[in-house]
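Residues in the sequence shown are numbered from 1 upward in steps of one, following full-length UniProt numbering. We treat Cβ as the ideally placed atom computed from N, Cα and C, and that holds for glycine. The structure appears right after this line, and notes come after that.
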Amino acid sequence: MKWITRFCWIFVGVLFIFSGLIKINDPAGTAIKLEEYFEVFGHDFGSFFLNFKPMSLVLAVILNVLEIVLGVALLMRWHLKTVLNFLLALIVFFTFLTFYSAYFNKVTDCGCFGDAIKLTPWESFTKDIVLLVMIVILLATKRYIPAPKNYAAGALVTGMATVFSLAVGMYAILHEPIIDFRAYKIGNNIPALMKPSEPLRYKYIMEKNGEEKEFEVYPTDTTWVYKQMVALNPEAGPKITDFSVWNDEGTFTEEVFTGNKLLILVHAVEKTDKDAYEEINKLVAGLQNAPVKTWALTSSSKQAFDVFRHEQNLAVPFYFTDATVLKTMMRSNPGIMLLKDGVVVGKWSRNDVPTAEEIKAKL
């Protein structure tokens, strides 16, 4: 039993640290996921949960830092019983969320490991059940966990982990994630990621007389009743499925991928950082004779953005893109992305607006 306990001790601590580090690298991504949960709970259990939506970013930072700090404290055996009780409460909460998502098919990606590792709802729930069992084992057999040699060292390391986690989270909020796991990271070819990497193959689940059978070729026997089609190589599917650019005149998605495009991404005008537009306007003016077209992409209405761009003197054509896509492309509002024939060659947050010379150097 001692070795089982020690395995659980190390596994749980490392996994919580790993999960927390991935998410504190992108707290805005966690906040988006929390907003999804609050909307689902607001619809299913009452509008009370919608009051938490404005607090999503703060709650995301708290939860992500808590995962890291509890994982570090567990490995350091600092306040072991208290830490295990906190971990139990946290994993019970996560288990409820993942079960609810899986059983009722509400939130199809729990965001347990951010954009780095995608888990299905049932995979997430299974992971949480395993962790729940391990934490219960640790609570019941904590006497087998070796006692700390230096209590002060545990306090120091846990404190340092707290400061480090908060610093990483604040940097990611003010700028962009330090490590970008999204499909729109620098170096990625967006139009290529919108296509399958190889032909998709499927199996067909059919039923006849209460018997289910799988076919790799759709059966010609019409007595079989179609039940489901399942991809055999889902990893070959497009990594980007929802990118689109349009305005009242039509779709301009393909034109975005032609030549050099500097995209000013404005999620929503009512939430954008207006202080950033002075530098953005300087950038736009400095690129007037450069071989690059500057566009603004927004999810706001035409009327709202037209008023906004005149208020900010943002003299660029604007187009529309889905709000979730914009938040995936850039967490910052506004944010700047430079494309070269559809390849992402630069990304800048509202606090890192580049100069015209920096843009020209990348063309």
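DSSP state of residue 113, grouped into three classes? In the three-state scheme derived from DSSP, where H, G and I count as helix and E and B as strand, residue 113 is classed as strand.
Suppose contacts are defined by Cβ-Cβ distances below 8 Å. Is residue 172 in contact with residue 26 by that definition? The answer is yes: Cβ separation under 8 Å.
Are residue 305 and residue 294 closer than 8 Å when you measure CB to CB? Cβ atoms of residue 305 and residue 294: not closer than 8 Å.
Short Cβ contact (8 Å threshold) for residue 261 with residue 183: The criterion of a C-beta distance shorter than 8 Å is not satisfied by residue 261 and residue 183.
According to DSSP, is residue 145 part of a helix, a strand, or is it coil? In this structure, residue 145 counts as coil in the three-state DSSP scheme.
Backbone CA spacing between residue 284 and residue 175 [nearest angstrom]: About 20 Å.
Same chain, Cβ closer than 7 Å to residue 291, neighbours up to 5 away in sequence not counted: The answer, listed in chain order, is 260, 363.
Please report the distance separating the alpha-carbon of residue 310 from that of residue 170. Distance between the alpha carbons of residue 310 and residue 170 is about 32 Å.
Own chain residues within Cβ distance below 8 Å of residue 84, not counting five before or after: Same-chain partners within the cutoff: 74, 135, 138, 139, 142.
I believe residue 52 touches residue 38 by the beta-carbon criterion, under 8 Å. Please report the beta-carbon distance rounded to the nearest angstrom. So it is a contact: roughly 5 Å between Cβ atoms.
Delimiting residues of the alpha helix (DSSP H) encompassing residue 179: Careful: residue 179 lies outside any alpha helix (DSSP H) and carries neither H nor E.
Per DSSP, residue 296 forms a beta bridge with which residues? 264, 318, per the DSSP bridge assignment.
Evaluate residue 229 with the Cβ neighbour count: other Cβ atoms within 10 Å of its Cβ, from every protein chain shown; 16 or more gives buried, anything less gives exposed. With fewer than 16 other Cβ atoms within 10 Å, it is exposed.
Reducing DSSP to helix, strand and coil, say where residue 170 ends up. The answer is helix: DSSP assigns residue 170 an H, G or I state.
Residue 231 - containing alpha helix (DSSP H), residue span: For residue 231, there is no enclosing alpha helix (DSSP H); the residue is found in the beta strand (DSSP E) stretching over 225 to 231.
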